[in-house]
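One structure below.
Residue numbers (this note's numbering): 2 to 864.
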């Protein structure tokens, strides 16, 4: 290898220096019209982006792998890399290569990561893209998250890992930053609950506070320092557009852990993992991206504040009554662009002229919206200022109108952005350009007369500039010394004259200066808008809220929903003709069977029995939906509704193994139940579906009984407990707070019809074989099972609840007399048990003791 081949070029030295500084990112290194990647970056990017891998310095023994993408279409490639989990560092040329001698200065101007990506095509309009940070400080977890595309920042803390991990899962940040010094202690537990990008990063202790927060604690300062250290590293520009930090307590809202939100299908269907089929999918009729994101946030964190909730309900009521005004408001809201993200782009100096035009278009709609709000207020006798007027930004709108042309281009460097008359020097350049164009037309006419060539024309392209074009035949006969050959084509020749060359210089000079001046004027206009950013962010929030209120009002009208009366008693629930909004939408209103719910202080626990597939889970979800919809400010799907404010909802609906953690369905079920029993209060709602089915029958029944007794004695929360153990229905005799309800079924000639109607009292049996028949199992299998069921029922010894039932045996009863005596003794001992004072563990231990006694008496097989 020659010395020349061994030597690293200055350009590669520059690349290697920057790559060392941004080792965790793929470096997009600007070379002319391309972003180039080298070495490992090139190998990775070529594979992910499916682009050609070449090499630099091909004559060397070890050529440098290389690939590249055009800078004008880089966004789509960056998006694909981010979606694949990579970070991308954008290195730009900081000098004009035409004006620079030697190596062009380059530096990284931005690092794009999953949590900081700003390009609209890479974001979902109605979804947040959160960047979060987590630290542990003095046994407390501090958690902050921000949507940098709109400037929101939220901060909370807790000592409970269960609570903070659930919050992380619920928020679902695109990227999570941890203090690099806590990597060993935090990374492993985080990876078990969070599958997105985790970025260990050092806190910059010299960083001046760039956030707004009253009296932050030491832990809050540390987690905010971590977040802003990372933002400085990635954004490399002013972050003044970020809003004041919003501190919140976890118990400030209706708490639902990650399991509850998932099982209730609040934002995603359990089956498809998509929005369709979720509560959000059903509720979201918002017309703006801002309203859609706000609705998502409200569903994630329903209110636990009566005054704030009443204010939301009132606004929905006013808009529901103002039908004609609302019908005019909705299309005007639809015309409003995504102000939140537009404002952020403007602040970060990444907005183009089209973005400013969208801002102008949106501001033009505000006066008409204010007129309609004034009309709504005029109809509200008890609150004539229900809706505050929106700021109209007359000065800003006037400035945009004076400066921007109608329908400006996306490019901000090619001109045609600024209106005539806005800037004197720009007008002069344009006049020179217009004069130059007139002169060119005149030149073409004069040269045709001089040469006698009637189809001679003046043309222009970016590479060769202006020229006079003739056919090849005409050029051969041309005898004019003024014409200097400039370019030869297949069928024509292009020439230039001294006169044209002089005018070309004037025109191109004016054109270049005009474009540069337009860019500068646009940049000044964009910077000028920064003074309005805080007020514009308030406007965006007001538009988002108005959008959601109109959404709720229209939904209440379309679906015949009712405003719930808020009860001050935690045990007072009343729902008449309650419906499951999503199921009703999917199956049709005519097919859905509405149901009632009555809960009071005497009977706050409901034991729900009935056939599988009969609608028990649907009933429990619709109760949860009524509570959640009420506490986000919506009306609820019922004819009459009276509900308390609920502080927590715990659910166990459906089943799911967690194989990655070595946990079976039953183990997951018990862990979730344990969390509910520990954290629930009198103001909570517990929804348990088929607890205990993952183990043996008697184990399952014992656990179910123990859990119900524990709730009644210790937790005292409103509970709906669905079970297929219809034997448990006798528990209402031992637990006075328990009331039996069941899903009705009609059986005629052995054919079962599920009524989907909740009725008082217990179910008489589980109808499992009938469900199997509906599922299409073979008839002979069904007949055999029916016969076996009859045998089992005839020979069952119902010892669990101490029942003394005489069974008719298939054989002579004499040999069983001793067995019956032993049975009676065991039954008597069971009767003396004080189950209400037992913990679930004590109940299990007692059950084991009883099983041992049964084995000793020969009443139970040895296992």
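Note that the Cβ used here is the ideal one computed from N, Cα and C, for glycine as well. If you're wondering where the values come from, they're calculated on a predicted model, not measured in any experiment.
- Across the structure, residue 511 and residue 422 are spaced so that their CA atoms are roughly 17 Å apart.
- In this structure, residue 579 and residue 627 form a Cβ contact; the two beta carbons are roughly 6 Å apart against a cut-off of 8 Å.
- DSSP, reduced to helix, strand and coil, places residue 69 within a strand of the structure shown.
- When the beta-carbon positions are compared, residue 468 and residue 497 come within less than 8 Å of each other.
- By the criterion of a C-beta distance shorter than 7 Å, residue 250 is surrounded in its chain by 157, once the five residues flanking it on both sides are discounted.
- The beta-carbon distance between residue 23 and residue 112, rounded to whole angstroms, is 7 Å. This is short enough to meet the 8 Å contact definition.
- Assignment of residue 201 by DSSP, reduced to helix, strand and coil, places it in the strand class.
- By the C-beta criterion, the region 280-293 is judged to be in contact with the region 551-570, since at least 3 inter-stretch pairs fall below 8 Å.
- Residue 47: not part of any beta strand (DSSP E); member of the alpha helix (DSSP H) spanning 40-50, first to last residue.
- Taking a contact as a CB-CB distance under 8 Å, the pair residue 586 and residue 283 counts as one, their CB atoms being some 6 Å apart.
- Listed in chain order, the non-local C-beta contacts of residue 192 below 8 Å within the same chain comprise 199, local neighbours out to five positions each way being set aside.
- Residue 597 sits in a strand when the DSSP states are folded into three classes.
- For residue 415, no beta strand (DSSP E) segment is defined, and its DSSP state is neither H nor E.
- With respect to residue 654, residue 621 sits close: the two C-beta atoms are nearer than 8 Å.
- Across the set 17, 648 and 610, the C-alpha of 610 shows the shortest separation from the C-alpha of residue 728.
- With a beta-carbon spacing of about 6 Å, residue 235 and residue 114 fall inside the 8 Å limit used to define contacts.
- For residue 366, the secondary structure class from DSSP, reduced to helix, strand or coil, is coil.
- Using a 10 angstroms sphere on the CB of residue 704, the tally of other CB atoms reaches 16 or more, which defines it as buried.
- Here residue 642 is buried. Its C-beta has 16 or more other C-beta atoms within 10 Å.
- In this structure the region 500-518 lies against the region 427-443, because at least three pairs of beta carbons, one per stretch, are closer than 8 Å.
- Residue range 89-94 is occupied by the beta strand (DSSP E) that includes residue 94.
- The C-beta separation of residue 732 from residue 746 comes to about 21 Å, leaving the pair out of contact by the 8 Å criterion.
- Annotation: residue 134 is outside any alpha helix (DSSP H); the continuous beta strand (DSSP E) that includes it extends over 132-138.
- Out of 635, 630, 640 and 409, the CA that lies nearest to the CA of residue 595 is found in 640.
- Per DSSP, residue 584 is one residue of the alpha helix (DSSP H) stretching across 582-588.
- The distance from the Cβ of residue 220 to that of residue 141 is about 6 Å, consistent with a contact at the 8 Å cut-off.
- Distance from the Cα of residue 194 is smallest, within the candidate group 689, 504, 172 and 618, for 172.
- Sixteen is the threshold: since fewer than 16 other Cβ atoms of the shown chains lie within 10 Å of the Cβ of residue 162, the residue is exposed.
- When C-alpha distances from residue 429 are compared across 507, 238 and 678, the shortest belongs to 507.
- The alpha-carbon separation between residue 265 and residue 725 amounts to approximately 20 Å.
- For the set 714, 120, 96 and 708, the Cα lying nearest the Cα of residue 352 is the one of 120.
- With the rule of 3 Cβ pairs closer than 8 Å, the region 474-488 does not count as touching the region 373-383.
- Taking one beta carbon from each stretch, the region 404-423 and the region 340-350 have fewer than 3 pairs nearer than 8 Å; the two do not touch.
- In the three-state reduction of the DSSP assignment, residue 353 falls in the coil class, being assigned neither a helical nor a strand state.
- Rounded to whole angstroms, the gap between the alpha carbons of residue 72 and residue 12 is 19 Å.
- With a beta-carbon spacing of about 16 Å, residue 90 and residue 68 fall beyond the 8 Å limit used to define contacts.
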